[in-house]
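In the numbering used here, the protein residues as written are 19 to 413.
Printed below as a string of structure tokens:
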């Protein structure tokens, strides 16, 4: 694409964000952004399309906005067949290995080509989009660090079609593997089976619902579990909630677990339909019997409804802090740049869900993931909650 067309897109990008974002420069000054934009415009003739996109990604990232981001078309995101998880800054492991390299499961990443883990993290974090705190940054980092073009443009890898990954295997031995980049469409099929956490709750045992929203009971129906990973429309949610509340009343269910670990967002007003129908059921143990499981993937409306569950249902929060902060910019809308076809998202509202400022909604019981339990399929969050229910019932 010509420099002239890029200039049109970049000017339209900034103009549109300034006119439509509720408060674009809440974390960085307009002058600072202008300096970066002017510098990029000056360099356009010398940069490739991919380099320009990465430069724009850095500029948008500098806005430090949870719902403002920029993305290329899907074909840009060619990927190496690895699924990472960030346990902490010095422990990034493979939690789903390539079918051709099953020995990499559990391996700790040390280097990509000659780039250290510290430098990988620093460089990749400069281009991740829509992250609020350490938890959402870590989730995005695990994904972005497998994108071949991003690694190449950031100077982490030497080329974008293949690269060397250096690992420390679980047995303590080092191993370097050269991997080929594949399309995002091929990504899941290239990997071995994901780790499945042991749990008494499974969709195939659910009483009502869909794969992203379902309900099941256990322990002679005294405990109900709601898996809430996505949002139907308001009418569908109301029907689900009515059926759910009827079942709870008929079976005498007293304890409710709401699992929003995989809830990345949607319309939180739809989630309030669930709150309304649960809140009128007197037999639920409203003092100690409502739990919400959160994690780094709990974002946007998922975080918002977590705050609602805590405030309106007296829920005890168990797990990791949410990936989204409770007081922040949300409610996103998108537009596409005419020439480059890049997609841009921006925040339209500011929501305040608690009086104090915190990095995520802080759990009442903070359970930090660890590799030893994960590889053995142990769901620490479910185990803790079920034990807590037993303790409460024995009192």
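Beta carbons: idealized from backbone N, C-alpha and C, even for Gly.
Please classify residue 352 as buried or exposed, where buried requires at least 16 other C-beta atoms within 10 Å of its C-beta. Classified as exposed, residue 352 has fewer than 16 neighbouring CB atoms from the shown chains inside 10 Å of its CB.
I need the DSSP call for residue 182, collapsed to helix, strand or coil. Residue 182 falls in the strand class under three-state DSSP.
Other residues of its chain near residue 210: CB distance less than 8 Å, five sequence neighbours each side excluded: Around residue 210, the same chain offers 114, 115, 116, 117, 120, 123 as residues with beta carbons nearer than 8 Å, after the five sequence neighbours per side are excluded.
Mind checking whether residue 295 and residue 331 have CB atoms under 8 Å apart? No, the pair does not count as a contact, with Cβ atoms beyond the cut-off.
Mind checking who residue 192 pairs with in its DSSP beta bridge? Paired residues: 186.
Which two residues bound the contiguous beta strand (DSSP E) that contains residue 268? First-last for residue 268: 252 to 269, but that is the alpha helix (DSSP H), not the beta strand (DSSP E).
So residue 169 and residue 130 are in contact, right, with Cβ under 8 Å, and what is the actual spacing, rounded? Cβ atoms of residue 169 and residue 130 come within 8 Å of each other, at about 6 Å.
DSSP-derived helix/strand/coil call for residue 207: If DSSP states are grouped into helix, strand and coil, residue 207 belongs with the helices.
Could you tell me if residue 85 is buried or exposed, where buried requires 16 or more neighbouring beta carbons within 10 angstroms of its beta carbon? Burial of residue 85 is indicated by the presence of at least 16 other C-beta atoms within 10 angstroms of its C-beta.
What did DSSP end up calling residue 137 once you bin it into helix, strand or coil? Of the three classes helix, strand and coil, the one that applies to residue 137 here is helix, per DSSP.
Is it buried or exposed for residue 272, if we count other Cβ within 10 angstroms and need 16 for buried? Residue 272 should be labelled buried.
Nearest-angstrom Cα distance between residue 372 and residue 283? Pairing residue 372 with residue 283, the inter-Cα distance amounts to about 18 Å.
Rounded separation between residue 280 and residue 60 - CA only: Our two residues, residue 280 and residue 60, have alpha carbons roughly 42 Å apart in a direct line.
Determine the closest residue to residue 311 out of 254, 386, 359, 356, with distance taken between C-alpha atoms. For the residues 254, 386, 359, 356, the minimum Cα distance to residue 311 belongs to 386.
Quick one: grab the DSSP three-state call for residue 237. Three-state result, residue 237: coil.
In the DSSP output, which residue or residues are listed as bridge partners for residue 232? Residue 232 is bridged to 227, 245.
Measure how close the beta-carbons of residue 41 and residue 368 come, nearest whole angstrom, since I'm counting them as under 8 Å. Indeed, because the Cβ distance is near 7 Å, the residues count as touching under 8 Å.
Taking 7 Å as the limit between beta carbons, can you name the residues of its chain near residue 138, skipping five residues before and five after? For residue 138, where only same-chain residues beyond five positions count, the Cβ hits under 7 Å are 130, 163, 174.
Just to confirm my understanding: we take residue 370, look at its own chain, exclude 5 residues before and 5 after, and list those with CB closer than 7 Å. What are they? These residues qualify, in order along the chain: 345.
Is residue 176 near residue 97, with beta carbons less than 8 Å apart? Note that the C-beta distance between residue 176 and residue 97 is not below 8 Å.
Rounded to whole angstroms, how far is the Cβ of residue 399 from the Cβ of residue 336, which I believe are closer than 8 Å? That pair is a contact at about 5 Å.
Who does residue 362 pair with in a DSSP beta bridge? Listed as beta-bridge partners of residue 362 by DSSP are 88, 353.
Following the continuous beta strand (DSSP E) through residue 106, name the residue where it begins and the one where it ends. DSSP places residue 106 inside the beta strand (DSSP E), whose first and last residues are 101 to 106.
Looking only at its chain, what residues have a beta carbon closer than 8 Å to the beta carbon of residue 192, apart from the 5 residues adjacent to it on each side? In the same chain as residue 192, and ignoring 5 residues on each side of it, the C-beta atoms closer than 8 Å to its own belong to 128, 184, 185, 186, in chain order.
So the beta strand (DSSP E) residue 312 belongs to, where does it begin and stop? Residue 312 -> beta strand (DSSP E) spans 308 to 312.
8 Å Cβ cutoff met for residue 30 and residue 341: Cβ atoms of residue 30 and residue 341: not closer than 8 Å.
Beta carbon of residue 233, beta carbon of residue 243: below 8 Å? Taking C-beta atoms as the reference points, residue 233 and residue 243 count as a pair closer than 8 Å.
Residue 329 (DSSP reduced to helix, strand or coil): Helix at residue 329.
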